[in-house]
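Asks: Numbering (this note's numbering), first residue to last: 1347 to 1913.
1) Round the Cβ separation of residue 1725 and residue 1696 to the nearest angstrom and send it over; I've been treating them as touching at under 8 angstroms.
2) Who are the near neighbours of residue 1796 in its chain, counting only those whose CB is closer than 6 angstroms to its CB and skipping five residues on each side?
3) Could you give the DSSP three-state label for residue 1595: helix, strand or coil?
4) Pull the bridge partners of residue 1905 from the DSSP assignment, please.
5) Which residue or residues does DSSP assign as beta-bridge partners of residue 1916?
6) I'd like the list of long-range same chain contacts for residue 1681, defined as Cβ closer than 8 angstroms, with 5 residues on each side in sequence excluded.
7) So for residue 1738, helix, strand or coil by DSSP?
8) What ranges does the beta strand (DSSP E) occupy inside the stretch 1802-1829, keeping only unbroken runs of at least 3 residues that lie completely in it?
9) Who are residue 1887's beta bridge partners in DSSP?
10) Could you have a look at residue 1485 and say whether DSSP puts it in helix, strand or coil?
11) Could you spell out where the alpha helix (DSSP H) holding residue 1928 opens and where it closes?
12) Leaving out five residues on either side along the sequence, give the residues of the same chain with a beta carbon under 7 angstroms from the beta carbon of residue 1717.
13) Beta-carbon within less than 6 angstroms of residue 1458's beta-carbon, same chain only, minus the 5 sequence neighbours each way: which residues are those?
14) Do residue 1898 and residue 1801 come within 9 angstroms of each other at the CB atom, strictly closer than that value?
15) Compute the beta-carbon to beta-carbon distance between residue 1481 and residue 1549, rounded to the nearest angstrom, for a pair I have assumed lies under 8 angstroms.
16) To which residues of the same chain is residue 1879 closer than 7 angstroms at the C-beta, ignoring the five residues directly before and after it?
17) Helix, strand or coil for residue 1910, going by three-state DSSP, please let me know.
18) Give me the DSSP bridge partner(s) of residue 1925.
19) Comparing alpha-carbon positions, which option in 1507, 1604, 1633, 1640 lies nearest residue 1471?
20) With distances taken Cα to Cα, identify the nearest neighbour of residue 1894 among 1497, 1637, 1594, 1909.
21) Counting only the same chain and skipping the five closest in sequence on each side, list residues whose C-beta sits under 6 angstroms from that of residue 1584.
22) Using the three-state DSSP reduction, which class does residue 1726 fall into: helix, strand or coil?
23) For residue 1636 and residue 1742, I'd like the C-alpha separation in whole angstroms.
24) Kindly indicate which three-state DSSP category residue 1446 falls into: helix, strand or coil?
25) My output table needs one value for residue 1418: the three-state DSSP class, helix, strand or coil.
26) In whole angstroms, what is the alpha-carbon distance linking residue 1776 and residue 1477?
27) Between residue 1760 and the rest of its own chain, which residues show a CB-CB distance below 6 angstroms, the 5 nearest in sequence each way excluded?
28) Looking at C-alpha atoms only, which residue of 1818, 1466, 1626 is the closest neighbour of residue 1843?
29) Measure the C-alpha to C-alpha separation of residue 1676 and residue 1613 and round it to an integer number of angstroms.
30) Any idea if residue 1602 is buried or exposed, counting beta-carbon neighbours within 10 angstroms, 16 or more meaning buried?
31) Have a look at 1692, 1608, 1660 and flag the residue whose alpha-carbon is nearest the alpha-carbon of residue 1567.
32) Taking the beta carbon of residue 1784 as the centre, do at least 16 other beta carbons fall within 10 Å, making it buried, or is it exposed?
33) Check whether the stretch 1488-1495 touches the stretch 1522-1541, taking contact to mean three or more Cβ pairs, one atom from each stretch, closer than 8 angstroms.
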C-alpha cells in the first residue's frame, strides 16, 4: 500500500473535523442552525454513556419518584385496570405518555433503561435547543461551546437525565419552545402565526403537560409575542393574531387536562385540590411546621439559590452574572434581551412558588436541614447557561476588537483564555467527583432517597428472587413502597391501590385474591411527611383473622413479606 493511500483516511478525518469546527461557528440560517445535529448526537451519546454507569449501579432508580413514574407509565398498558385513567393527577401526563412505548418492554422497565433512553433523547434535544437559541442570539462558536461544556460536564445534569424524573422532559420542551420563540423573534424571515403555533406553541403545550413551570412559560411567552409584534407592526390586530397563534395550542392542552380531571374524578380541579395534589401535600408539610419558606422571602432566596449553587456550580454562576451585565449593556430591552430574560421564566416560577408555599425545598441552608427537591433548581439552568455563553462570547469579541494588538498576541490571549476556562471546568468537575454526594444536592437527595428506602428495596429484591406465581397485594402509594419495577413481577398480577375495586376487594379478603403480601410495618414510627400509611397493613391490623391465613417469610425494620398458607 502506498504512502498516499495510507494518509488518505487521516486526511478524511481531519477534513471532517475541520468541517465540524466550521459548522459550530457558522451563523444561523433562515430555517436551520448549522451544527445542531452534531450537538444533538454528541449530547445523546454522552447521555447513553452516563446511563451505562447509573443504570447497572442502581443509581437510576435511587429516587422513589423515578420508580413511581415508570410504574404509572406501565400501569396504563399493563395492570389490573389498564387505561388512561391510570395516569392519575399527582403528576402531569406527558412524561408518562412518552415512557409508555419503552416500559412496555420488560427488561427496559425493570432495569430503568426505559427512562435512561428517554432521558438521553431529552438531553440530546435540550443541548441542541440551547445551541440554537445561542446562535440566534448572535453568540459565536466560543460561547456556544462553553455553554455546552458547562451543561454536559455537570454530574447533576448527566445523572438526572438518566432517571425517570420529570425534569428532563420538561427541560426538553421548555428549551424547544424557547428555541421556536427565538427563531420567530430573531430570524430575518418572519414566521406566520401557523408556523409559530407549530414551532413554539406545540412544545409549550407539551411543557405545560410535563410540569407546571410550563404554565409560566405559556404566560410569559404570550406576553413576549405581544410585545415583539407591537414593536414590529404597531398593529393591535397583528398582535392579537400572533398571540392567538402561539397560545391556542397551550390553551387547548389546559382544557384537555381540566376535561380529563372532570371526566375521571368528577372535578376539573382535582389536580389542584384532590387528596393526592401538591396542595394537599403542602398543607400536611405546613401543618407540621416544615414549610418555613412560605411568606419568608429571605429564606426562600437563600434556600433556592443554595440548590442552584450546588447544582449549577460556581463557575457557571460567575459567568452567568457577567453575561447578565453584558446583556443589560448590549441589549437592554431590545428583542435579543427579551429572549434571554424569557428563558428565566422557570427560574422565577420556582422562587415564587416557594415563597407562596406551593413548593418545598430542603438542603443544608434550609429549615429543617435535609435533602429534598433540590432537583427543582435544574429548571433555572437554561437561563444561566445562555447568560454564561454571552459572557464568553463578549470576552472573545473584546479580544478581537483590540486592533492595535498584533494578530499573534490576540491568538495567544484567546488560547490562554480557552485553556483557563477549560482548567476551571476540570477543577469544578474534579471537586464534584471528589465528593458527589456531599457537594451535589441532586446526588445527595438521590442517595438519601435510596437510603430511606433501603429496606423496601431489599424486600423487593428478596421477593423478586423467591416469587413463584400468584397474586401480590401491595399498596404502592404508601411510604417506601414505590418499588414495583424492582419486583420483576407482571403488574397485572399485583393488586395496587391504583387498581381501584380490585384492590378494595383484595383488602376485604386478602387470602381469596393474593398469595403474596408486601407491606410497610412502620406505622406511627415513620418520619413526618414520609408518605401515606400502608392501607394493607391497616387492613391486617383491623382484621387479625386475615393475617392468620399468611406466614411471614421475610421481615426487616420497615417491611415484611407474607406468603399465604395453602393447605
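Yeah, the Cβ is synthetic: ideal placement off N, Cα and C, and Gly gets one too.
Everything numeric in this text was worked out from a predicted model, so none of it was measured.
Replies: This is what the structure holds:
1) Taking the chain shown and counting its residues from 1, one reaches residue 1725 at position 379. Taking the chain shown and counting its residues from 1, one reaches residue 1696 at position 350. Contact between residue 1725 and residue 1696 is confirmed by a C-beta separation of about 6 angstroms, below the 8 angstroms threshold.
2) As a first step, residue 1796 must be located in the chain shown, where it is residue number 450. Cβ within range, chain order: 1408.
3) Here the question's residue 1595 lines up with position 249 in the chain shown. Residue 1595 falls in the helix class under three-state DSSP.
4) Along the chain shown, one-based indexing puts residue 1905 at 559. Paired residue(s): 1866.
5) Outside the displayed span of the chain (1347 to 1913) sits residue 1916, for which this structure offers no information.
6) In the chain shown, counting from the first residue as 1, residue 1681 sits at position 335. Hits under 8 angstroms: 1531, 1532, 1574, 1577.
7) Numbered from 1 along the chain shown, position 392 holds the residue referred to as residue 1738. In the structure shown, residue 1738 sits in a helix (DSSP, three-state: H, G or I).
8) 1818-1820
9) Your numbering for residue 1887 matches position 541 in the chain shown. Per DSSP, none; premise fails for residue 1887.
10) To locate residue 1485, count along the chain shown from 1; it is residue 139. Correct three-state label for residue 1485: coil.
11) With the chain represented from 1347 up to 1913, any question about residue 1928 goes unanswered, as that position is not in the structure.
12) Position 371 of the chain shown holds residue 1717. Answer for residue 1717: 1708, 1709, 1787, 1790, 1791, 1794, listed in chain order.
13) Along the chain shown, one-based indexing puts residue 1458 at 112. Only 1401, 1406, 1407 meet the Cβ criterion.
14) For the purposes of this step, residue 1801 is taken as residue 455 along the chain shown, with counting starting at 1. For the purposes of this step, residue 1898 is taken as residue 552 along the chain shown, with counting starting at 1. Contact flag unset, no.
15) For the purposes of this step, residue 1481 is taken as residue 135 along the chain shown, with counting starting at 1. For the purposes of this step, residue 1549 is taken as residue 203 along the chain shown, with counting starting at 1. Going by Cβ atoms, the distance from residue 1481 to residue 1549 rounds to 18 angstroms, so no, they are not a contact pair.
16) Here residue 1879 corresponds to residue number 533 of the chain shown, with the count starting at 1. Closer than 7 angstroms at the Cβ level, and outside the excluded window around residue 1879, lie 1824.
17) The residue given as residue 1910 occupies position 564 in the chain shown. Three-state result, residue 1910: strand.
18) Because the chain in this structure spans residues 1347 to 1913, residue 1925 falls outside the shown range and cannot be described.
19) For the purposes of this step, residue 1471 is identified with residue 125 of the chain shown, where counting begins at 1. The shortest C-alpha separation from residue 1471 is found at 1507.
20) One-based indexing of the chain shown puts residue 1894 at position 548. Comparing Cα positions, the closest option is 1909.
21) For the purposes of this step, residue 1584 is taken as residue 238 along the chain shown, with counting starting at 1. So the list reads 1575, once near-sequence residues are dropped.
22) If you number the chain shown from 1, residue 1726 lands on position 380. Looking at residue 1726 - three-state DSSP - the assignment turns out to be helix.
23) On the chain shown, residue 1636 is found 290 positions in, with the first residue counted as 1. On the chain shown, residue 1742 is found 396 positions in, with the first residue counted as 1. Distance between the alpha carbons of residue 1636 and residue 1742 is about 47 angstroms.
24) As a first step, residue 1446 is located in the chain shown; it is residue number 100 there, counting from the start. In this structure, DSSP gives residue 1446 a helical state, which the three-state scheme calls helix.
25) Reading the chain shown from its first residue, position 72 is the one you call residue 1418. In this structure, residue 1418 counts as helix in the three-state DSSP scheme.
26) In the chain shown, counting from the first residue as 1, residue 1776 sits at position 430. In the chain shown, counting from the first residue as 1, residue 1477 sits at position 131. Approximately 25 angstroms between the Cα atoms of the pair.
27) Mapped onto the chain shown, residue 1760 falls at position 414. Only 1745 meet the Cβ criterion.
28) Taking the first residue of the chain shown as position 1, residue 1843 is located at position 497. Put simply, of 1818, 1466, 1626 the residue whose alpha carbon is nearest the alpha carbon of residue 1843 is 1818.
29) Counting from one through the chain shown, the residue named residue 1676 turns up at place 330. Counting from one through the chain shown, the residue named residue 1613 turns up at place 267. Near 49 angstroms, if we compare the C-alpha coordinates of residue 1613 and residue 1676.
30) Taking the first residue of the chain shown as position 1, residue 1602 is located at position 256. Counting Cβ neighbours within 10 Å, residue 1602 comes out exposed, since fewer than 16 surround it.
31) To locate residue 1567, count along the chain shown from 1; it is residue 221. Nearest of 1692, 1608, 1660 to residue 1567, Cα basis: 1692.
32) Sequence index remark: in the chain shown, residue 1784 carries index 438 (1-based). So residue 1784 counts as exposed.
33) In short, these stretches do not touch, since the Cβ pair count stays below three.
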